[in-house]
Amino acid sequence: MKKDKTESAVPEHVAIIMDGNGRWAKERGWSRLKGHEEGAESVRVVVDACRKVGVKYLTLYAFSVENWVRPKAEIAGLMKLLDKFLTDREKDLHENDVRLRVTGRIEDLPLFVRRKLLKVMEATKDHKTGQLILALSYGGRTEIANAAKQIALLVKDGKLDPTKIDETTVAEHLYLPDVPDPDLMIRTSGEMRLSNFLLWQLSYAEFYISQKLWPDFREPEFLEAIEEYKGRRRRFGDVK
Ligand code: IPE
Ligand code: IPE
Ligand code: MG
Numbered sequence: 009m010k011k012d013k014t015e016s017a018v019p020e021h022v023a024i025i026m027d028g029n030g031r032w033a034k035e036r037g038w039s040r041l042k043g044h045e046e047g048a049e050s051v052r053v054v055v056d057a058c059r060k061v062g063v064k065y066l067t068l069y070a071f072s073v074e075n076w077v078r079p080k081a082e083i084a085g086l087m088k089l090l091d092k093f094l095t096d097r098e099k100d101l102h103e104n105d106v107r108l109r110v111t112g113r114i115e116d117l118p119l120f121v122r123r124k125l126l127k128v129m130e131a132t133k134d135h136k137t138g139q140l141i142l143a144l145s146y147g148g149r150t151e152i153a154n155a156a157k158q159i160a161l162l163v164k165d166g167k168l169d170p171t172k173i174d175e176t177t178v179a180e181h182l183y184l185p186d187v188p189d190p191d192l193m194i195r196t197s198g199e200m201r202l203s204n205f206l207l208w209q210l211s212y213a214e215f216y217i218s219q220k221l222w223p224d225f226r227e228p229e230f231l232e233a234i235e236e237y238k239g240r241r242r243r244f245g246d247v248k
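Set out below in structure tokens:
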């Protein structure tokens, strides 16, 4: 599939693997949770920066399907932090006309966070300037397998001709089919892997790896990533 988008203007969609909270805290002899708390401040700053530079969609990898193996206390702390983040930021979302969405298995989350998420998603659903997408209990393979299941069910019910299945069919059955693919994928803390993030959607994204740990990734670091992106030449398989 060829996109008509070889220019490198400001990315429309930025996806971030927010990594390094634990290491940031460890360097200071603090609990991992402290790192997550400081990371929440980076989230606030980066959401603001997106508005300033005109990034329309921001997807943040906040909790993976794999992260459920972490110690119970850390998971509980992260869920509380998410709840607090939503309480603190709801006003901002309204003021800035930003819609909150979730990608991932929202049904896996504890009831109190799920309720809060659904409430804020509903309250912001008509906001049009930007979208803040939280990847929660998200796994790229889980998402693709789920799409395959939905498609198989349509075939079984006689609603879809299996010989007609193509890339568009698959894309239409992902969690948020209306969201354009990310143009830029940022990972902090220097790790060079995808960790099961947006496997389908990142197919043609530009990658930017920052050595900064997520709590140290603030507006100047984000703007630097955007600047670097602007200098990239996206060829989408062509020879231009
Ligand atoms: C990222 O920071 C936040 C989540 C995965 C929830 P980490 O908690 O992975 O921090 P490190 O990688 O251990 O430093
Ligand atoms: C990826 O970070 C998931 C999130 C940022 C939520 P991890 O820290 O869980 O990834 P790995 O385990 O180092 O690959
Ligand atoms: Mg990590």
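FYI, the numbering for the sequence shown is 9 to 248, going by our numbering. Quick reminder that beta carbons are idealized off the backbone N, C-alpha and C, glycines included.
| Asked | Found |
| --- | --- |
| Segments assigned beta strand (DSSP E), at least 3 residues, entirely inside the stretch 201-235 | 214-217 |
| CB-CB length for L145 against F71, believed under 8 angstroms | A small correction: the amino acid at residue 145 is Ser; Leu does not occupy that position in the sequence shown. Going by Cβ atoms, the distance from S145 to F71 rounds to 6 angstroms, so yes, they are a contact pair. |
| Within 8 angstroms, strictly: CB atoms of E175 and D191 | no |
| A23 beta carbon less than 8 angstroms from that of L207 | no |
| Distance cut-off 7 angstroms: D27 Cβ against heavy atoms of ligand 3 | yes |
| Heavy atom of ligand 1 within 7 angstroms of Y31 beta-carbon | Per the sequence presented here, residue 31 reads as Arg, with Tyr not at that position. Yes; taking the cut-off as 7 angstroms, the Cβ of R31 has a heavy atom of ligand 1 nearer than that. |
| Neighbour-count burial assignment, K10, 16 or more Cβ in a 10 Å radius | Unreliable placement is indicated for K10, whose pLDDT of 43 sits below 50; the coordinate value is still reported in the next sentence. So K10 counts as exposed. |
| Near ligand 2: E46 beta-carbon under 7 angstroms from a heavy atom | no |
| Inter-residue spacing [alpha-carbon to alpha-carbon] between R78 and R107 | 30 angstroms |
| Separation of M87 from F120, as counted between CA atoms | 9 angstroms |
| Through-space distance from R31 to W38, alpha-carbon basis | 10 angstroms |
| DSSP state of S197 mapped onto helix, strand, coil | coil |
| Euclidean distance between Cα positions of F230 and T177 | 34 angstroms |
| Cβ shell of K133 (< 7 angstroms), same chain only, five flanking positions each side left out | R107 |
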